[in-house]
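All letters in the sequence shown, in the order written, are residues 5 to 128 by this note's numbering.
Glycine included, C-beta positions come from ideal geometry on N, C-alpha and C.
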Amino acid sequence: MPFVRGNQAVVHEIHGARFASYVRPATGSRDLAAWRGEIPAGTVAPEHVISAEEVFYVLSGRIRLTIDGETAELDAGDAAVAPADATLAVSNPTGEPAHFWVTTQVGLSAVLPDGSTITPPWAN
Numbered sequence: 005m006p007f008v009r010g011n012q013a014v015v016h017e018i019h020g021a022r023f024a025s026y027v028r029p030a031t032g033s034r035d036l037a038a039w040r041g042e043i044p045a046g047t048v049a050p051e052h053v054i055s056a057e058e059v060f061y062v063l064s065g066r067i068r069l070t071i072d073g074e075t076a077e078l079d080a081g082d083a084a085v086a087p088a089d090a091t092l093a094v095s096n097p098t099g100e101p102a103h104f105w106v107t108t109q110v111g112l113s114a115v116l117p118d119g120s121t122i123t124p125p126w127a128n
């Protein structure tokens, strides 16, 4: 199944953000997962350590991305790469929602500040 239609995206919500999952094993991908993220205005997601590299591309709005202590505000058209085992934090410092595209490898997990591990369904 090489084509994924918009109405086939599965939406998940966690920590105030929404993730629309398009590419994952259930849609035919063996190695990659990709989703569209939406962070409402003023949302600050918890810092977490990622198990695999993630590539971010901002579609609209602005996000603040911190990777291993280095912070940048990214606007539509900007991209970033977070390496495996990086500490990552995402927030939206503006009054408007932000949308971005993320690609990673299937099997991504993340360790939260309390030590718990999540395996997000949009990446598995």
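Same chain, Cβ closer than 6 angstroms to residue i, neighbours up to 5 away in sequence not counted
| i | result |
| --- | --- |
| Asp82 | Val62 |
| Ala114 | His52, Ile54 and Ile122 |
8 angstroms Cβ shell around residue i - same chain, five flanking residues per side excluded
| i | result |
| --- | --- |
| Leu112 | Ala37, Ile54, Ser55, Ala56, Glu58, Thr123, Pro124, Ala127 and Asn128 |
| Val110 | Arg28, Pro29, Ser33, Arg34, Asp35, Leu36, Ala37, Ala127 and Asn128 |
| Gly84 | Looking at the sequence shown, residue 84 is not Gly but Ala. Counting only Cβ-Cβ distances below 8 angstroms, and skipping sequence neighbours, we find Val59, Phe60, Leu69, Ile71, Ala76 and Leu78. |
For residue i, three-class secondary structure by DSSP
| i | result |
| --- | --- |
| Ala114 | strand |
| Ala127 | helix |
Selection from the options that minimises the alpha carbon distance to residue i
| i | options | result |
| --- | --- | --- |
| His16 | Ala30, Gly10, Val8 and Ser25 | Ser25 |
| Phe23 | Pro117, Gly10, Arg34 and Ala84 | Gly10 |
| Thr108 | Pro6, Glu42, Phe60 and Val14 | Phe60 |
| Val94 | Ala49, Pro87 and Ala88 | Ala49 |
| Pro101 | Gly20, Val85 and Leu92 | Gly20 |
| Thr98 | Thr31, Asp79, Ile18 and Trp105 | Asp79 |
| Ile18 | Pro44, Gly65, Thr91 and Asp72 | Pro44 |
Buried or exposed by the 16-neighbour rule on C-beta atoms within 10 Å, applied to residue i
| i | result |
| --- | --- |
| Thr75 | exposed |
| Ala88 | exposed |
| Phe141 | Missing from the structure shown is residue 141; the chain here goes from 5 to 128 and no further. |
| Ala65 | Here residue 65 is Gly; the residue named in the question, Ala, does not match the sequence. The residue in question, Gly65, is buried, as its Cβ has 16 or more Cβ neighbours within 10 Å. |
Close Cβ partners of residue i (< 7 angstroms) along its chain, the five nearest in sequence each way excluded
| i | result |
| --- | --- |
| Ala13 | Ala24, Ser25 and Tyr26 |
| Thr47 | Gly20, Ala21, Ser95 and Asn96 |
* To do: Just list the beta strand (DSSP E) runs in the segment 15-75, keeping only unbroken ones of 3 residues or longer that don't cross its boundaries, in chain order.
  => Here the runs fully enclosed are 21-27, 36-43, 52-54, 58-64 and 66-71.
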